[in-house]
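Participant:
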Amino acid sequence: MSDPSSSQFPIWIPFFVIGLWLFLSAFFALSSGWLALANNFRAISRPEGQRVLSQVKQMGSVPERGVTQMIVSEQGLYLYAFFLFRFLHPPLLIPWKDVRLAGEHKTLWWYIWELDIGRITTLSVTRRAYELMQKYVAPA
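In terms of the working numbering, the sequence shown has 1051 at position 140, counting the first letter as 1, and numbering is strictly consecutive.
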């Protein structure tokens, strides 16, 4: 006769996976500079403007894969996280006076524009994203 407990799904696995997901989200929020930005630029409401999806390549030292989304508006640059990554990633509204061009870099196939955000962290974006916000961004 087999042991009934050996054939059951371990109940701790979902809790471990969720805990790991929350830990990683918190780690990325801290290391990317998102939490520091939230202290100064937490958004109260979502502004009207041009939505820009999957154009952020890196925030601070954290590479992106479609996690951070943007809205380019008259009020500023609105940043928000994809819903699976919203733990410790509140929406941000950075006024244009706090967004500066830090540089332009060529990778193997494309150019990346690096923006200084509030002198706290950097945001690396694609050409499409930069062209939408170029008229608002202060030069380096």
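The beta-carbon is built from N, C-alpha and C at its ideal position, and this holds for glycine as well.
Since we're looking at a predicted model, the values are computed, not measured.
Could you tell me which of 1027, 939, 987, 992 sits nearest to residue 978, measuring between CA atoms?
Facilitator: 992
Participant: Evaluate residue 1018 with the Cβ neighbour count: other Cβ atoms within 10 Å of its Cβ, from every protein chain shown; 16 or more gives buried, anything less gives exposed.
Facilitator: If you draw a 10 Å sphere on the C-beta of residue 1018, you find fewer than 16 other C-beta atoms in it, and that means exposed.
Participant: Would DSSP call residue 1003 helix, strand or coil?
Facilitator: Reduced to three states, the DSSP call for residue 1003 is strand.
Participant: Here's the rule: buried if 16 or more other CB atoms are within 10 angstroms of the residue's CB, otherwise exposed. What is residue 945?
Facilitator: buried
Participant: Along the chain, where does the alpha helix (DSSP H) that runs through residue 1028 open and close?
Facilitator: Per DSSP, residue 1028 belongs to no alpha helix (DSSP H); it is in the beta strand (DSSP E), 1022-1028.
Participant: Please look up how many angstroms separate the CB atoms of residue 1020 and residue 1037, rounded, as I've assumed it's under 8 Å.
Facilitator: At roughly 11 Å, the Cβ-Cβ gap does not stay under 8 Å, so residue 1020 and residue 1037 are not in contact.
Participant: Determine the direct distance from the alpha carbon of residue 929 to that of residue 1027, and round the result to whole angstroms.
Facilitator: Cα to Cα, the separation comes out at about 33 Å.
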